[in-house]
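Report on one structure; see the data block that follows.
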Amino acid sequence: MSVPHRPDRPIATTSLPLPGVALVLVGLLASFPALAQDEPELGWSDKAELSFVGIDGNSESTTLGFKNELKRDWENATLVFSASALRSESTSFQRFAIGTPDDFQLVERSSSELTAEKYSLGLRYDRDLSERTYWFAGAEWTRNEFAGYDSRTVATAGVGNTWWEGDDGHFKTDYGLTYTTQDDLIANPQVEDSFLGVRFGWDYARPFGNAEYTNVLVLDGNVDESEDVRADMTNAIAVSMTDRLALKVSLQWLYDNLPALTRVALLDQDEQPTGESVVRELEELDQVLTVALVVRL
Numbered sequence: 032m033s034v035p036h037r038p039d040r041p042i043a044t045t046s047l048p049l050p051g052v053a054l055v056l057v058g059l060l061a062s063f064p065a066l067a068q069d070e071p072e073l074g075w076s077d078k079a080e081l082s083f084v085g086i087d088g089n090s091e092s093t094t095l096g097f098k099n100e101l102k103r104d105w106e107n108a109t110l111v112f113s114a115s116a117l118r119s120e121s122t123s124f125q126r127f128a129i130g131t132p133d134d135f136q137l138v139e140r141s142s143s144e145l146t147a148e149k150y151s152l153g154l155r156y157d158r159d160l161s162e163r164t165y166w167f168a169g170a171e172w173t174r175n176e177f178a179g180y181d182s183r184t185v186a187t188a189g190v191g192n193t194w195w196e197g198d199d200g201h202f203k204t205d206y207g208l209t210y211t212t213q214d215d216l217i218a219n220p221q222v223e224d225s226f227l228g229v230r231f232g233w234d235y236a237r238p239f240g241n242a243e244y245t246n247v248l249v250l251d252g253n254v255d256e257s258e259d260v261r262a263d264m265t266n267a268i269a270v271s272m273t274d275r276l277a278l279k280v281s282l283q284w285l286y287d288n289l290p291a292l293t294r295v296a297l298l299d300q301d302e303q304p305t306g307e308s309v310v311r312e313l314e315e316l317d318q319v320l321t322v323a324l325v326v327r328l
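Take 32 as the starting number for the sequence shown in my numbering and just add one per residue.
Following this line, the structure appears as structure tokens:
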């Protein structure tokens, strides 16, 4: 199977709705009185994010999102279990009438289509080497068939620096090695499905009033193929409503410089099906906008 040449092209994106609503909600909640920030406690803690968007009427669509982070803190170490799920489905209607203009019967037919589905599980352990240095190890599994792969597992280990951490937030950077195993829905003979990589990332947080801004970046590059680079960046603002509830608006960019392949139906010059298909690359960038209720336990 030959893979077509990649011409320069505009990057298409996919996103969840409600960007305007998100900004309005953040603006309203930012006017709440500032809440005192709790000191981090040792032991177990949990943070869950729930999001739902439903549209009904002439068209129907539902989007359900869930994230959870179970954390264990020691004086010089942290263990984090994470899980997330995103599922979006839309329903379209075909409406027509049967009969005559004076005597007819309305008919409505509907068809549902899954438009987004992604699941992930993660585990990470961090341990301090000194006040400003730490080492870490972890693994993450992801399934995202709309991005062209049934399974992607990334194991990582490395070291990091804590540049500052306190009441005014924190900034950390880390550097490490990764090993990736990926099971694509359509195999690409020009790309290895298992490879060693290098990783760079940062974790930035800055509180202001009763809100907090965070920016998390992870870059992962294949050491055997310089063009095989992936990036995952999430910007978020969380506004506290109570000690345990917050509203969070986040925008995630997922970039893959060598995206997976997909199969497209081939039509003739009259746009009639030929019964054949061609292979093309998926888009390089996905965007996910989420408005979620955060529950801290």
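All C-beta atoms, glycine included, are put in the ideal place defined by N, C-alpha and C.
- In the DSSP secondary-structure assignment, E307 is bridged to L297.
- Buried is the label assigned to I268, since at least 16 other Cβ atoms lie within 10 Å of its Cβ.
- In this chain, the beta strand (DSSP E) harbouring P238 covers S225 to F239.
- Note that the C-beta distance between S92 and S121 is below 7 Å.
- In the three-state reduction of the DSSP assignment, E176 falls in the helix class.
- Assigned with DSSP and collapsed to three states, A291 falls in coil, not helix or strand.
- Straight across, the Cα-Cα distance linking T321 with P132 is about 47 Å.
- With respect to L152, W172 sits close: the two C-beta atoms are nearer than 7 Å.
- Contact annotation: G96 and S76 have beta-carbon atoms that are not nearer than 7 Å.
- Judged by DSSP in its simplified three-state form, N107 adopts coil rather than helix or strand.
- The closest CA to that of S161, considering only G191, S257 and E148, is found on G191.
- Cβ-Cβ distances below 6 Å link V309 to V295 and L297 in the same chain, with the five nearest sequence neighbours on each side left out; the list follows chain order.
- DSSP, read as helix, strand or coil, puts E148 in strand.
- At the C-beta level, Y150 and R174 come within 7 Å of one another.
- In terms of Cβ geometry, V260 and N288 form a close pair [threshold 7 Å].
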